[in-house]
Amino acid sequence: MITIRPAEERGHANFGWLDSHHTFSFGHYYDPQHMGFSSLRVINDDTVSPSMGFETHGHKDMEIISLVTQGTIAHKDSAGNIRELPAGEYQLMSAGKGIFHSEFNASRTDTLKFLQIWIQPNSVGGSPCYQQKSFGESEGFTSIITPDGRDGTLQIKQDMSLTQLILKQQDSAKWSIKKDRRYYVHIVEGQLTLNNDIELGQGDGAKIEQLEILTFAKRSESVKALLFDLN
């Protein structure tokens, strides 16, 4: 079963300096039909004006993933991490028992665009943890986040994984589904066809349950998508 989450039906908030689209209920946007999917709680598609950003605020017991698609984030947190996150790199901040951080557009002239993703952890408390890495733009599937940090991936406190899919020279790719797992696909850029007849574009998402295989076929010059493997 595949359930589409069209980009144009997402929640929307515009504060002038921040223009944000919410795949799931978040902030002032509430939709009981879209409260999350398994441990996946938030996918926010944020556009931030130059020099603007999120003032220091706190998180607790949440795994927070950021992927910049344009520009650079200036990050600072109470654990002593002062970093810049450029386009294409992944950040995973485990809030643990509590952490305060700020996120700003590092540029005074250019717009920042990034995805902020929240995963509910399977254990609470513990020390906060910060991880950041570039995984490049390799064709096909690239493993980004896993529960055990295998093969150089970022390690998350949940029985889930995140895989990046890029199609440029390749026209298609296949993913074998594990029994009793659920999957979510989010299109970062480009257009593709899922399982031969479902067309998805930038910002679209799809919940996948009780299938045996997923096929991805590009419909634009290049495609970048995120594949969440969830319990």
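Here the sequence shown is numbered in UniProt numbering, starting from 1 and rising by one per residue. Beta carbons: idealized from backbone N, C-alpha and C, even for Gly. On a predicted model such as this, the values are computed, not experimentally measured, just so you know.
| Check | Outcome |
| --- | --- |
| Short Cβ contact (8 Å threshold) for residue 165 with residue 114 | no |
| Residue 95 - DSSP class collapsed to helix/strand/coil | coil |
| For residue 161: DSSP bridge partner residues | 229 |
| Given 8 Å, three or more beta-carbon pairs between the stretch 10-27 and the stretch 212-220 | no |
| Minimum C-alpha distance to residue 92 - residue among 108, 73, 133, 104 | 133 |
| Exposure label - residue 207; buried when at least 16 CB within 10 Å | buried |
| Buried/exposed call for residue 211, threshold 16 Cβ in 10 Å | exposed |
| Residue of 129, 163, 123 minimising C-alpha distance to residue 140 | 163 |
| Cβ-based neighbour list, residue 182, same chain, cut-off 6 Å, excluding 5 preceding and 5 following | 38, 209, 230 |
| Collapsed DSSP secondary structure at residue 8 in the structure displayed | helix |
| Secondary structure of residue 77, DSSP reduced to three states | strand |
| Whole-angstrom distance between residue 74 and residue 106, CA atom to CA atom | 5 Å |
| Near the ligand NAP: residue 19 beta-carbon under 7 Å from a heavy atom | With respect to the ligand NAP, the structure offers nothing, as it holds no ligand at all. |
| Range covered by the beta strand (DSSP E) that runs through residue 56 | 53-59 |
| contact_flag[the stretch 83-101, the stretch 111-131] where n(CB pairs < 8 Å) is 3 or more | yes |
| Closest by C-alpha distance to residue 159, when choosing among 152, 180, 167 | 180 |
| Bridge-paired residues (DSSP) for residue 122 | According to DSSP, which records beta bridges pairwise, residue 122 is partnered with nothing at all. |
| contact_flag[the stretch 9-18, the stretch 42-61] where n(CB pairs < 8 Å) is 3 or more | yes |
| Chain-order list of residues whose beta-carbon lies under 6 Å from that of residue 131 (same chain, five-residue window excluded) | 92, 154 |
| Length of the line joining the Cα atoms of residue 136 and residue 30 | 35 Å |
| Residue 150, DSSP secondary structure in three states | helix |
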